[in-house]
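Numbering of the sequence shown is given in my numbering, commencing with residue 36 and proceeding in unit increments.
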Amino acid sequence: MKKVLTLLFLTTFFWANAKTEPIEIQGAVGKLRGVLTTPDNFNQKKIPVVIMFHGFTGNINEKINITIAETLAKEGIASVRFDFNGHGKSDGDFEKMSLDNELEDARRIVQYVEQLPFVSKIGIYGHSQGGLISILLSSELGKSKIKAVAMLAPAVIIHDNMLQGSFFWHYLRPPKCTR
Numbered sequence: 036m037k038k039v040l041t042l043l044f045l046t047t048f049f050w051a052n053a054k055t056e057p058i059e060i061q062g063a064v065g066k067l068r069g070v071l072t073t074p075d076n077f078n079q080k081k082i083p084v085v086i087m088f089h090g091f092t093g094n095i096n097e098k099i100n101i102t103i104a105e106t107l108a109k110e111g112i113a114s115v116r117f118d119f120n121g122h123g124k125s126d127g128d129f130e131k132m133s134l135d136n137e138l139e140d141a142r143r144i145v146q147y148v149e150q151l152p153f154v155s156k157i158g159i160y161g162h163s164q165g166g167l168i169s170i171l172l173s174s175e176l177g178k179s180k181i182k183a184v185a186m187l188a189p190a191v192i193i194h195d196n197m198l199q200g201s202f203f204w205h206y207l208r209p210p211k212c213t214r
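Okay, here's the thing in structure tokens:
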């Protein structure tokens, strides 16, 4: 873990040699738009691909997502990052997005990546709610399709918070010391 964090930290300050190209596929409720990042010296040989899932209010252009994609490319790994429906440049209404349609979006992205001719294996990475999607998707598809899973602060207690009616409350309530 220390090696990964050190690598991410160090590469924040160095330009990674990577090529990017926009991608678009049909999602659960409209077009999903994203970016395919490949190593600069990529010559269509078989390489691993990491699919990146952003958090609840996130998008593909957050600095952490760009840094991770560039770092992976520098290590010879391609990545696909995309905006879930209702986020960033993808179609859909943020108020109508759900875990179900985000999970369907994730399935469709995996199907898209499986069809790329250069894919040797697929890993997934998720941040916050994207981490929850990673857990659900990897348990559904299994090890035969998803070879690695990485999560950053996965939102694994969303369901419990929603049942308690406190999903957004802790974001809106000021600290006790200010009341």
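Yeah, the Cβ is synthetic: ideal placement off N, Cα and C, and Gly gets one too.
Across the structure, residue 179 and residue 127 are spaced so that their CA atoms are roughly 31 Å apart. Between residue 74 and residue 155, the gap from beta carbon to beta carbon reaches 7 Å or more.
Residue 115 is a Cβ neighbour of residue 86, given a cutoff of 7 Å. Closest by C-alpha distance to residue 106, out of 55, 147, 117, 170, is 55.
Contact between residue 169 and residue 88 holds: their C-beta atoms lie close to 6 Å from each other, under 8 Å. Considering only 141, 146, 166, the residue with the shortest C-alpha distance to residue 190 is 166. The DSSP-derived three-state label of residue 165 is helix.
With a cutoff of 7 Å on beta-carbon distance, residue 65 and residue 164 are scored as not near each other. Cβ neighbours of residue 108 within its own chain (closer than 6 Å, five residues either side excluded): 51, 53, 72, 74.
In the DSSP assignment, residue 170 is bridged to no other residue. Taking each of 80, 120, 121, 140 in turn and checking the Cα distance to residue 113, the smallest one comes out for 80. Restricting attention to 103, 151, 145, 187, the CA atom closest to the CA of residue 177 is found in 145.
In this structure, the CA atom of residue 175 is about 25 Å from the CA atom of residue 103. For residue 182, the secondary structure class from DSSP, reduced to helix, strand or coil, is strand. Here residue 125 is actually not in contact with residue 187; their C-beta atoms are around 21 Å apart, not less than 8 Å. The DSSP assignment places 82 to 88 as complete runs of the beta strand (DSSP E) inside the segment 72 to 100, in order along the chain (cut-off: 3 residues). A distance below 7 Å separates the beta carbons of residue 63 and residue 139.
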